[in-house]
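Undergrad: Residue numbers (my numbering): 366 to 583. Just so it is clear, CB atoms sit at the ideal spot from N, CA and C, and this is done for glycine as well. Here the structure is a predicted model, which is why all the values come from computation and not from measurement. Take this structure, written in structure tokens, and hold onto it; I'll ask about it next.
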Amino acid sequence: MAWVGYAWLPHLVTPLCAWRGGRGGRRVALTFDDGPDPAWTPRVLEILGAHGVSASFFLVGERAAREPATVRAIAGAGHEVGSHGWSHTSLWLCGPRRTETEIARTKNLLGYLTGAPPALFRPPWGMVNAAMFAALRRHRQRCVFWSIQPEGLRPAPAEAQVAHVLRRAHAGAIIDLHDAEGTPGAPARLCAALPAMIDGLAAAGYGFATVGELLAAS
Ligand SMILES: [Zn+2]
366 MAWVGYAWLP HLVTPLCAWR GGRGGRRVAL TFDDGPDPAW TPRVLEILGA
416 HGVSASFFLV GERAAREPAT VRAIAGAGHE VGSHGWSHTS LWLCGPRRTE
466 TEIARTKNLL GYLTGAPPAL FRPPWGMVNA AMFAALRRHR QRCVFWSIQP
516 EGLRPAPAEA QVAHVLRRAH AGAIIDLHDA EGTPGAPARL CAALPAMIDG
566 LAAAGYGFAT VGELLAAS
């Protein structure tokens, strides 16, 4: 019963508290979850660099601890670094103390590696709990979801992902992508889809911004 109040009710009200995009003019934010990955993240950085696009990376703390150079490469290229928790455990499985640790530890590490503590937090699997909102207030982080997810729990071919994004694109969209983990093979499909996705969005008149830039726009 307590679980209903701790996890399920906050989940239901999340749309009121968590940001899913929708402002910032005719711009979209590309967001990459679950990295850094030593093989795929540099490839994504290359593609973004070649297209002159800035994006947002929601990093998993324990992966960032293993790949500090990749974290610094992301920040050094001018991209935004957000937190995706320490161990990518669903917050539905975390009590208040574990929730605090997941958020605090990741914030401290990413702050140390990039020179600025992350201002954004994306809960793993999009699952929240009641303790998360208080912890995010303490750590001055904003909860961010997404409005377009071209590949969910089942693999989607690169062309289908591009078509999905172009069909649903809207002003202020937050596009959820995976440069690590996700469904098996997700980063490879992402890298195959990303150039056409960027070109297609640009051809449709969209510019690119980080999530922080969209949030700052009024
Ligand atoms: Zn994730």
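For T479 and E516, what's the separation of their Cα atoms in angstroms?
TA: 29 Å
Undergrad: Could you check the C-alpha separation between I412 and G386 for me, to the nearest Å?
TA: 23 Å
Undergrad: Pull up the distance between the alpha-carbon of A481 and that of P433, whole angstroms please.
TA: 14 Å
Undergrad: Check whether the Cβ of P489 lies closer than 7 Å to any heavy atom of ligand 1, and answer yes or no.
TA: yes
Undergrad: So, I513 versus D541, is the Cβ gap smaller than 8 Å?
TA: yes
Undergrad: Consult DSSP for H529 and reduce its assignment to one of helix, strand or coil.
TA: helix
Undergrad: How long is the line joining the alpha carbons of A538 and L395, rounded to whole angstroms?
TA: 8 Å
Undergrad: Does DSSP classify A410 as helix, strand or coil?
TA: Note on residue identity: the sequence assigns Leu, not Ala, to residue 410. L410 falls in the helix class under three-state DSSP.
Undergrad: Hey, how far is the Cα of T471 from the Cα of R505?
TA: 13 Å
Undergrad: Can you confirm whether the stretch 481 to 491 touches the stretch 516 to 527 when touching is taken to mean that 3 or more C-beta pairs between the two stretches lie within less than 8 Å?
TA: no
Undergrad: Going by beta carbon distance, what residues of the same chain come within less than 6 Å of V509, once the five residues before and after it are set aside?
TA: W384, L485, R487 and V576
Undergrad: Suppose you measure from the CA of T548 to the CA of L566; what does that come to, to the nearest Å?
TA: 24 Å
Undergrad: According to DSSP, R507 sits in a beta bridge with which residue or residues?
TA: L485
Undergrad: Can you tell me where the beta strand (DSSP E) with R437 in it begins and where it stops?
TA: For R437, no beta strand (DSSP E) encloses it; the enclosing alpha helix (DSSP H) starts and ends at P433 to G441.
Undergrad: Quick one: does the C-beta of D544 sit closer than 7 Å to a heavy atom of ligand 1?
TA: Taking non-hydrogen atoms of ligand 1 into account, the C-beta of D544 is found less than 7 Å away from none of them.
Undergrad: Hey, A569 and A534: beta-carbon distance below 8 Å or not?
TA: Remark: C-beta atoms of A569 and A534 approach each other more closely than 8 Å.
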